[in-house]
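In the working numbering, the protein residues as written are 492 to 948.
Quick look at the structure:
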């Protein structure tokens with residue numbers, strides 16, 4: 492111990508401790524007293540606090556629905572199951588926005604009905620659900636479910652089909668180097684112009700088959716002359732030149748099967764690069780010359796020139812005789828134009844999932860009894876063909892629901908999506924829904940029937 496350091500007195504230490512403890516106790520008592528006292532506020536603030544209600548959730552019914560919301564998805568599935576007790580659902584697709592997007596969602600599914608219990612196959616459907624939202628709680632409710640195929644936004648596009656492309660533009664022009672390296676086949680003249688479409692398509696298939704066999708690019712006029720028999724009423728019944736091939740045929744698919752170059756573009760390039768002596772051409776004037784005889788030709792261009800005497804100057808003669816088994820024109824290289832198939836799909840979507848179809852190839856007689864003999868009851872019936880008349884339709888409607896092509900004329904009317912898009916692609920010139928387009932659509936809807944019956948004279 493340091494003797495020089497003064498000692499702390501015990502009495503002073505105890506006195507300091509007592510004072511500190513007393514002060515702490517007073518602070519605690521004061522805090523407890525204050526906490527027990529009611530808060531004093533101004534009358535206005537007190538009234539506001541007294542009358543304040545819990546904040547409520549609000550919804551904007553005009554905003555787009557979130558169709559991907561799992562709660563809405565489960566509600567739509569449950570509503571479909573309850574609405575169709577006779578349907579056995581196999582799979583539901585994710586909902587997508589409908590039209591209008593603020594109050595509808597489209598959903599697809601695969602299912603099997605009780606009537607198809609013997610089969611394990613399922614059918615596809617897509618429907619539009621009308622959805623309501625509570626403006627306070629945002630809770631969903633299903634108001635109604637549309638008819639068969641009423642929800643097209645949920646439809647999976649066909650492979651290779653696009654909604655945006657109706658008529659494909661001509662293939663792009665080739666560069667000089669690409670043009671020189673190519674090998675080409677041209678058909679000139681012939682008696683196929685302005686013939687009925689089955690005749691024209693038969694000849695076109697033959698030209699495509701030879702081009703494919705020779706591994707050459709086909710030089711093709713992408714316009715055609717529509718026969719007078721397909722002219723629309725009121726046009727004078729004359730053949731119509733300048734109709735685009737793409738109005739009838741899926742040209743994009745055609746190009747994917749056989750290389751094609753547009754006729755005017757080819758001859759413009761040939762005038763620039765071919766006639767200068769750099770490229771050679773072989774002329775064939777005998778349509779009986781088999782394609783195998785031309786398989787060894789090394790010339791850049793092979794030209795088949797057809798004469799003026801029918802029927803020997805038809806293109807399809809090249810594929811007859813010895814060449815018939817060699818070329819074998821394949822119908823698979825051709826598909827109908829997406830514009831026409833969209834109309835087919837829209838017609839089918841307006842009918843029940845399973846419908847029967849009848850194709851009438853007879854005229855001038857009452858065919859009702861013959862139709863009744865081949866059709867069972869229960870399903871809707873689509874009646875196609877040139878034998879359809881108002882008297883027949885009225886008699887059939889007495890026993891079942893009947894549909895026919897003219898019932899759906901709004902799909903190609905002047906306000907339709909088809910009409911406006913075709914007009915745009917045709918340089919602003921309206922396109923008539925002509926007789927051959929009617930034949931294609933009518934026949935394709937017939938072929939989609941569950942039970943198909945041909946009624947002949």
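Using N, Cα and C, we set each Cβ at its ideal position, and we do this for glycine too.
- In this structure, the CA atom of residue 671 is about 49 Å from the CA atom of residue 900.
- The Cβ neighbour count for residue 627, taken over all protein chains shown within 10 Å, is under 16; the residue is labelled exposed.
- Annotation for residue 619: no alpha helix (DSSP H) segment contains it, though the beta strand (DSSP E) segment containing it runs 614-624.
- Among the bridge pairs identified by DSSP, residue 875 is matched with 850.
- Unbroken alpha helix (DSSP H) stretches of 4 residues or longer found wholly inside the stretch 738-817: 742-748, 754-760, given in chain order.
- Annotation: residue 824 is outside any alpha helix (DSSP H) and is labelled neither H nor E by DSSP.
- Between the stretch 695-709 and the stretch 771-787 there are three or more inter-stretch CB-CB distances shorter than 8 Å, so the stretches are counted as touching.
- Of the residues assessed, residue 567 falls on the buried side of the cut-off, its CB having 16 or more other CB atoms within 10 angstroms.
- The continuous alpha helix (DSSP H) containing residue 908 extends over residues 908-916.
- Residue 598 is bridged by DSSP to 618.
- Counted as a single uninterrupted DSSP element, the alpha helix (DSSP H) harbouring residue 936 occupies residues 926-938.
- With a cut-off of 8 Å on Cβ pairs, the stretch 835-846 is not in contact with the stretch 746-762, counting fewer than three such pairs.
- Within the model, the alpha-carbon separation for residue 562 versus residue 569 is close to 11 Å.
- DSSP, reduced to helix, strand and coil, places residue 888 within a helical segment of the structure shown.
- DSSP, read as helix, strand or coil, puts residue 581 in strand.
- Annotation: residue 701 is outside any beta strand (DSSP E); the continuous alpha helix (DSSP H) that includes it extends over 688-705.
- DSSP places residue 640 outside any beta strand (DSSP E), giving it a letter other than H or E.
- For residue 945, the enclosing beta strand (DSSP E) starts and ends at 943-946.
- Taking a contact to require three or more Cβ pairs closer than 8 Å, the stretch 790-808 and the stretch 692-699 qualify as touching.
- The beta carbon of residue 592 is closer than 7 Å to those of 555, 556 in its chain, skipping five residues each way along the sequence.
- Secondary-structure assignment with DSSP links residue 632 through a beta bridge to 623.
- Here the stretch 817-827 makes no contact with the stretch 908-917; the two share fewer than three CB pairs at distances below 8 Å.
- Beta-bridge analysis with DSSP links residue 603 to 579.
- In the structure shown, the three-state DSSP call for residue 713 is coil.
- Between residue 877 and residue 773, the alpha-carbon positions lie close to 46 Å from each other.
- Looking from the CA of residue 667, the closest CA among 764, 875, 589 belongs to 764.
- Per the coordinates, the alpha-carbon of residue 929 lies some 13 Å from the alpha-carbon of residue 833.
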